[in-house]
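> Chains as they are written, first to last, in the numbering used here: chain A, 71 to 396; chain B, 71 to 396; chain C, -10 to 297; chain D, -6 to 249; chain E, -6 to 249.
Quick reminder that beta carbons are idealized off the backbone N, C-alpha and C, glycines included.
I have a structure I would like to understand better, so I am pasting it below and will then ask my questions one at a time.
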Ligand SMILES: Nc1ncnc2c1ncn2[C@@H]1O[C@H](COP(=O)(O)OP(=O)(O)OP(=O)(O)O)[C@@H](O)[C@H]1O
Ligand SMILES: Nc1ncnc2c1ncn2[C@@H]1O[C@H](COP(=O)(O)OP(=O)(O)OP(=O)(O)O)[C@@H](O)[C@H]1O
Ligand SMILES: [Mg+2]
Ligand SMILES: [Mg+2]
C-alpha cells in the first residue's frame, strides 16, 4: 500500500506501469513451479483450465473492484449485487418464463441500477464508499432473501446461454465463461491504458483535486465507474448461473474480501491511483493456484487455511522484493 | 473518507478536532430518540446497560482498530487474534489448571506477539496492512482450530475474574466489562490527544514522509501500535470469556468488519490521520442501538438487515450534513 | 396479551433455518403468538446469538427457541435467560450439556449420516469405494456429526458418535463446501483433479450436492458416481427424483419449529414447561431402495419436504 | 473580467474581505501582496475553485457564477494553482493533457475516446520545448521531477490551452533564473495572442519587467492599483507592506 | 561537513553524478543551479533523506553514513525540505514541535510523554514572531495556511532546533518581499549562533546579499565555487546556465 504522501521519491519507481505487474507475475510463477513439483496431477492442462473456470466469477467481480479501488474507493456490496442479479435472471427466465435475453438484460439492469445508487450516494451525498457499500450489502442481502424466499432456482440442463458450454483443447475442457473473463480483463486493461476516461480514473485516485481543477466532470466519472461495476456484477451473475447451474440465495457473501484480496495481491494500492488490472488477473490466479495445488497435495482443510495465509503474505513479499530490486 | 490530496481547502474545517465527534453524536441521539418513541421497552436503564455490555467486546477491538486506521493501516485479523487469545486463557486456566493471573498474562502475551508480528511484516518487510492481516487471519483461524480441537471451553460459573461480575444501579445491572471498555476509550482518547506518541500516530497517517523526515522512529512507533492492538485484542478476549462464559473456537469471524464499521461511522478517515477515538465509541453504540431497538420493535430478522443497512448510511449522512453546516 | 416467543437461528442464509423460521411464523400466527426472530451473522457466530438472547429477554420473550451455533459456549447465556424465568428450547442440535435447556426438539445428525453411509455401502456392494467428502466448515459440530456418521454407516472402523474430529480414514479427498453450491462445485472439481477415480461423494447438504453434481457432469462422470446428502429440502428431494442425488437423509425443521412455538404458547397459558428430548426424526429418501436399509421414496419425500 | 466585493470566510478567518478586481483585454495584470493577504483565495474565486460567500464576478459585462472549475474552463479560463494540481503518478504528457486528451483520428476512436499517446508525447515535447527544462522524457511520472520542473509542467499546461484568460499563481517561485525568464517569455507570448494574464508573484523584478498594471492586495482586499511605469519598486513594496497608505500616493502613479 | 563523489541514480536518470560538497563552520553556503540540476538530491543525501549510491559524507573529519533522517538529526542537522514535510491536518504548533514535543514537567508526565500544549503554543508563537506571518493562531491546522505561511512554519522549525547545520531548500520561494527579508534575517541569526547554513535559492539578490560562498551545481555535480564579493551576478548566472565555462573564470572570483 503506497502511503498517501506529497513526496515519495523512494517509491516512485514502483509506479512505472511496466513494472507493476512484474512482481505478482513472479509470485504466480514461483507458486506454479512449487506445486508442479510437490502437487501430483498439478502439471496438467486440465488443472489450468479448471483454475480458470473457478476464477471466472471472482475474476469478473475483481475487474470492477479494481476500477473502484483505482478511484480510491472500495465496494463491499459486490457479491450481494451479483447474488440479486443472478436471482433476478434465474427467476424471470426459469420460473416466469421470460425470454432469456430479456431476463438477462433485466438482471444486468438491476446490477447497474444498484451500482449507480452506490455511485450517487458516494459522489453526490459524499459518503465514504466503505459505509455506502457496507450498508448496500445489508440492504441487498435482505432483498435477495425476501425475493427468493430463500429458495434456489435451478437452470435448465443446458444452461441459458452458450456460456454454459465447454469446448476441448488438447483434451482439457475450457468454458466460454473463462474466455469471457479473460476478454473482459483485456478490454478493461485497454480501456484503462488507452482511453481518456480510463486515464481519468487513475488521476482521480491519484489526486482528486487535480481532476476537479482540470475540469473533468468528476462526479459523472465516479458514478459511471460504480454503475459499470454494477453491470459487471451482473455479468458475474450470469457466469455464476451458468457455472453452478442455478441461482442460489446463499451466493455472494465472500466475494468482496476475495476480490479485494486479488486486487491487492495484484499490486494495486488501496489508496487509489496506482495499479494495473492485469495484476488483478494474476492475483485471482494466484489464489486459484493455491487452492488447487493445496487440495491436490492432499493438505487437510484446516492446514490449508494456515498455508494459504502464509502463502498470500509470501506472494506479496515476493512482489515487494522484486520491485525493490528493479 | 477524506481523499488523500495535497490540497483540501473545502474539507479542512471538518478536521477540526472539536467538530469531528459532533456529527456521529447527533446521529446517535437521533437514533436513540427514534427508538424511544417507536420501540417498546427501549427507554429503560436496563436496555442501555445491555447495549453497553453487548458493545464491550467489539468496543475494545474498535479502539485498537482506530489506532491502526489512524496510521493509515487496517487490521482484518483482530477478531481471530481475540479468539486465539481467549482459547489460550480458557484452556490454560480451566483445563490445565494454571493460576488465573498467569493464564491471562499468557493470553495477553499471545495477542501482543501476533500483533507485533503484524507490525514487523508491515513496517520492516513493507507489506500492505490489508494483506498481512488477511493472511494472519487465515493463519490464526487455523491455529485456533488446531489448538482447540474445535471444541469450546466453558468457564467456571463465576467466571475467572471480577469482570464477570455485575453491579446494580437503579435496578439495572451493569457489567465491569463495559466499565473497562469505557475506561479504555477514555485512556486512549487522552493518549492520542495529549501524549507525544499519540500525536505522532496522527502525523503518521497524515503524512508519513513528514514523520520520517522529522526523525521520529517511525518503524518503532508503527510496530508498537500493532503490538498494543494485539494486547487490546487480548483484553477483548478476556471480556468475551467473561461475557459469554466460555471460549468458543468459532469466535472472532465478524469483528473485523464490525470494528471497521464503528471506526468509519465514528468519523475516522480510512486514509488515516484524521479522526477521533470517541467517535468510534459513538459508532459502536450506534450499531448497538440499532440492533437493540430493531429487536425490541419486533422487526423480523431479515428486515433488520434491510433497515440496518439504510440506517447506517443515514447515520453517516447525518454526520456529513452536520459537518457541512458548521 | 400475546405471548412473545423468540426464535434464534444459526444464520439468515441457510434455507434450512429460513424454513424453520417460516414454520415457526405460521404456527405463531395460528396460535396467536408474537414471534421475534434473530440469527447469527454466520455459522458459528456465538456472540451474535448471546446478544440475541439478551435482547429478546429484554423485549419480554417468555420462550426462546434456539439452534445453538456453539453447543457449549452458548450455555451460560441460556442459563442467565432461564434464571430470568424464560423457557429455552434447543432446536435441531443439542447443547452441551443437554440439560442446559428445558427441552430439545431435534434431529440426530449422526444418525442421518449413518443412514446414507449404510445406503451407499449397500449400493457399492463389492466395488472398491473411493470417497470424497464435501464438508461444512472446519470444526463445525453438525458437519462432524454427519461426516462421521456417514463413515460409520459405510463401515469405516473406529468412528463413533463421540468422535470430536472429522475422521479422514478411508476418504480420498475432504474439502469444505460451506454448504454453498458454488463452493461445493469448486471443491468437487479440485477433488476430481486430485483423484479421478472418486465414485462416492458424501455432501454436507443438498446445495453442496448440487454443486458436486455440476462438477461431475462437466467431467462426464455424473452417471458413474454416487452422491449422498443430508437435509431433505424440496429442491434436494427433487434432485433425488431426478437422479442427481442418490439418497438423502430428510430432516424436519418445520416440525421442530412448530413444536417449539406450540410449547411456548402452552407455557404462556399454563405455566407448564416442556422437557426432555423429542427426536423429530430422520428418514432416508431414495428411489433406489436397498435391502437392509429402511427408506422412503421420493413421493414421500416431496410430501414431507421443507421449502419449495 | 471584473469582480466586485468578493468575500470569503473560513470559520473566523476572513480570507477575502470585499475584494474588487478588474482585468482588461490583452493586459498583464500583476497581483502582489504579503503572504496570507488573500491572493490565492481571490484567484481561486475567479477560476471557480472556490465559491465566494458574497460578491459578484462578471465576464465581458455579464455576471457569471462559477460553481466549479469546469464552469470557468468552459469560459476559457486557465489557471496554474500555487499548489500545482498535478497527478504525481501520471506522466508529464498525461498531466499536460489531463481533461482534454488528444484522441486518435477516426470516428471509432473518437467514440471510445482512445487517446493518441504518441501525438500527446510529441505535442507535450513541443509545448515544453519553449521552456527547456532539461526533462529527459515526457513519459516520466511527474513525481520524479524536481520542484521547478513540476512547476514548468503546470505553467506549460495553462499557456497551451487558455482561450480567454490565463491565471498564474506564483508560476516562477521555484524556478531558476533561466527558467524564470523563459516563463516570462511565455507570458508575453500569451499576451501577444491577445489573452489577458493574471500573474501573482512575489518577485518584484519580474513584476516590473512584465506587468501592465499592478493590483496590490492587502488584508483581503485591493489596496491600490499601480502603474509600474511610474512608481518605483521601493514605493510599491511600501504600499504592499502598509508602510505607505495608498491615499498618500500621488495620483500619477496610480493606474486606471 | 564534507562530501566527495556522491552519485545517485533513479533508473536511467542520474540525479547526482559525482557531486562534491564542502561546508565550513559558521559560513552561509549558497547552492544555486538550474531546475533539475540535482540540488535537492544533494541536500537530501546530506540530511539522510536518501542514501547515495556512491560517495562519502564526512562530518568534522570522520566519515558518517546516514541511513535515515533520524541519523542526521542526531548529529544536529536540521533541514527545510522543498516540498515542506508538514502534516496538513495538524496544528502549526504541533508541526513545529513534531518529534520533539515539549513535555509537561514532573516525572510522571515525562514517563507518559504528556505534551504541554499550552507551552508549545506559547513557544510556537515566540518562534514565529520573528517572522511576522500574520497567522492568527498557532492552533490552526497547517492545511488552512497560505503557501507562504506554510513555508514560514518549516523555516521556523529548522532555525529553532538546529544544533549543528541548517539546510534550507528554497526557503524563500513562496515568500513575499517582507517575509523573505525576515527569513534572511533569521538565517543571519543562525549563523551568528555559530552554525553553518546551506541555502538553496533561485533568488540571486538574496544569494548575493547573504552568502559567504556560492556553490554552483550543474548537471548533477559541483561546477564551481564562487566568491560573491568578487564575481558579478551576471557572471554567476552565466556559469550556472553554462554560458561561461568555469575554467574560463579568472582565479580571483573563485572561492576556496
Ligand atoms: N481552507 C482554509 N481554511 C481556513 N483558512 C484559510 C483557508 N484557506 C486560506 N485560509 C486563510 O486565508 C488567508 C489567505 O490565504 P491565501 O492562500 O489566499 O493567501 P495568499 O495571499 O495567496 O498568500 P501566499 O502569498 O502565501 O500564497 C490566510 O490567512 C489563510 O490562512
Ligand atoms: N525519485 C526520482 N525518480 C526519478 N528521477 C528523479 C527522482 N527525484 C529526482 N529525479 C530527477 O533528478 C534530477 C534532479 O532533481 P532535483 O530535485 O535534485 O533537482 P533540483 O536541482 O533540486 O531542481 P529544482 O531547482 O527544480 O528544485 C531531476 O532531473 C529529476 O527529474
Ligand atoms: Mg497564495
Ligand atoms: Mg529542488
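Which chain E residues are close to residue 137 of chain D, counting only those with a beta carbon under 8 Å from its beta carbon?
Neighbours of residue 137 of chain D on chain E, chain order: 3, 6.
> Please check the pair residue 4 of chain C and residue 319 of chain A, which I expect to be a contact at CB under 8 Å, by giving their CB distance rounded to whole angstroms.
Correct: roughly 7 Å between the Cβ atoms.
> Would you verify that the beta carbon of residue 122 of chain A is, or is not, closer than 8 Å to some beta carbon of chain C?
So, not an interface residue.
> State the Cα-Cα distance for the pair residue 45 of chain D and residue 188 of chain D, rounded to the nearest angstrom.
C-alpha separation (whole angstroms): 25 Å.
> If you compare alpha carbons, which of C:242, C:221, C:184, C:146 is closest to residue 109 of chain A?
Comparing Cα-Cα distances from residue 109 of chain A to each of C:242, C:221, C:184, C:146, the minimum goes to C:184.
> Which residues of chain B have a Cβ atom closer than 8 Å to the Cβ of residue 80 of chain E, listed in chain order?
In chain order: 272, 273, 276, 277, 280, 281, 343.
> Drop a sphere of 10 angstroms on the beta-carbon of residue 253 of chain C, count the other beta-carbons inside from all chains shown, and report buried for 16 or more, exposed for fewer.
Looking at its Cβ environment, which holds 16 or more other Cβ atoms inside 10 Å, residue 253 of chain C is buried.
> With DSSP run on the structure shown, which of helix, strand or coil describes residue 222 of chain A?
The answer is coil: DSSP assigns residue 222 of chain A none of H, G, I, E or B.
> So which residues put a beta carbon under 7 Å from any heavy atom of ligand 3, going in chain order?
For ligand 3, the selected residues are D:32, D:33, D:75, D:162, D:163, D:193, E:139, E:140, E:141.
> Determine whether the Cβ of residue 66 of chain E lies closer than 8 Å to any Cβ atom of chain B.
Yes, residue 66 of chain E lies at the interface with chain B (some Cβ there is under 8 Å from its Cβ).
> In terms of residue numbering, what span does the alpha helix (DSSP H) encompassing residue 49 of chain D cover?
Careful: residue 49 of chain D lies outside any alpha helix (DSSP H), inside the beta strand (DSSP E) at 47 to 52.
> Is the beta carbon of residue 175 of chain C within less than 7 Å of some heavy atom of ligand 6?
Summarising the ligand content, the structure contains ligand 1, ligand 2, ligand 3 and ligand 4 and does not contain ligand 6.
> Taking the alpha-carbon positions, what's the residue 7 of chain D to residue 276 of chain A distance?
Rounded to whole angstroms, residue 7 of chain D to residue 276 of chain A spans 31 Å at the Cα level.
> Is the beta carbon of residue 379 of chain B less than 8 Å from the beta carbon of residue 299 of chain B?
Not closer than 8 Å, so no.
> Residues of chain D with a CB under 7 Å from the CB of residue 267 of chain A: which are they?
Under the 7 Å cutoff, chain D gives 106.
> On the DSSP bridge list, what partners appear for residue 221 of chain D?
Residue 221 of chain D pairs with nothing; no bridge assigned.
> Under 8 Å, Cβ to Cβ, is there at least one residue of chain E near residue 195 of chain D?
It does; some Cβ of chain E falls within 8 Å.
> Which class does residue 329 of chain B belong to by DSSP, given the choice of helix, strand or coil?
Helix.
> Below 8 Å on the Cβ atoms is my guess for residue 142 of chain A versus residue 91 of chain D; work out the distance and round it to an integer in Å.
Contact flag wrong, Cβ pair sits at about 17 Å.
> Hey, is the stretch 122 to 140 of chain B in contact with the stretch 246 to 253 of chain B, meaning 3+ C-beta pairs nearer than 8 Å?
Contact holds: three or more Cβ-Cβ distances are below 8 Å.
> Does chain E have any CB closer than 8 Å to the CB of residue 264 of chain B?
Closer than 8 Å to some Cβ of chain E, the Cβ of residue 264 of chain B qualifies, so yes.
> Determine the contact status of residue 159 of chain E and residue 152 of chain E, defining contact as a CB-CB distance below 8 Å.
Yes; because the gap between Cβ atoms is below 8 Å, this pair is in contact.
> Against residue 375 of chain B, what residues of chain A qualify as contacts under a CB-to-CB distance less than 7 Å, listed in chain order?
Within 7 Å Cβ-Cβ: 208, 211, 212.
> For residue 146 of chain A, name the three-state secondary structure that DSSP assigns.
Here residue 146 of chain A sits in coil by DSSP.
> Under 9 Å, CB to CB, which of the residues in the stretch 11 to 29 of chain E have a partner in chain B?
Cβ contacts with chain B come from no residue of the stretch 11 to 29 of chain E.
> Less than 8 Å between the beta carbons of residue 176 of chain B and residue 158 of chain B, yes or no?
In contact: residue 176 of chain B and residue 158 of chain B (Cβ atoms closer than 8 Å).
> Measure from the alpha carbon of residue 382 of chain B to the alpha carbon of each residue in B:312, B:334, B:348, then state which is nearest.
Looking at the Cα atoms, B:334 is the closest of the given residues.
> Start and end of the beta strand (DSSP E) containing residue 10 of chain E?
Start and end: 6 to 15.
> Show which residues of chain B have a CB atom less than 9 Å away from the CB atom of residue 226 of chain A.
Correct list: empty, because the minimum Cβ distance to chain B is about 29 Å.
> Closer than 8 Å, CB to CB, is residue 78 of chain A near chain D or not?
The predicted model places residue 78 of chain A with a pLDDT of 30, which falls under 50 and marks its position as unreliable; any figure quoted below should be read in that light. At least one chain D Cβ lies under 8 Å of residue 78 of chain A.
> Do the CB positions of residue 346 of chain B and residue 353 of chain B come within less than 8 Å of each other?
No.
> Give me, in chain order, the residues of the same chain whose beta-carbon lies closer than 8 Å to that of residue 51 of chain D; leave out the 5 immediate sequence neighbours on both sides.
Excluding residues within five positions, the ones whose Cβ falls inside 8 Å are -6, -5, -4, -3, 57.
> What separation, rounded to the nearest whole angstrom, lies between the Cα atoms of residue 11 of chain E and residue 3 of chain E?
Cα to Cα, the separation comes out at about 14 Å.
> Note down, in chain order, all residues in the stretch 34 to 51 of chain D with a beta-carbon under 9 Å from any beta-carbon belonging to chain E.
Those would be 34, in chain order.
> If we define contact as Cβ-Cβ less than 8 Å, is residue 390 of chain A a contact residue for chain B?
By this cut-off, residue 390 of chain A is an interface position.
> Looking only at its own chain, which residues have a Cβ that is under 6 Å from the Cβ of residue 138 of chain C, when we skip the five neighbours before and after it?
These residues qualify, in order along the chain: 99, 102, 103.
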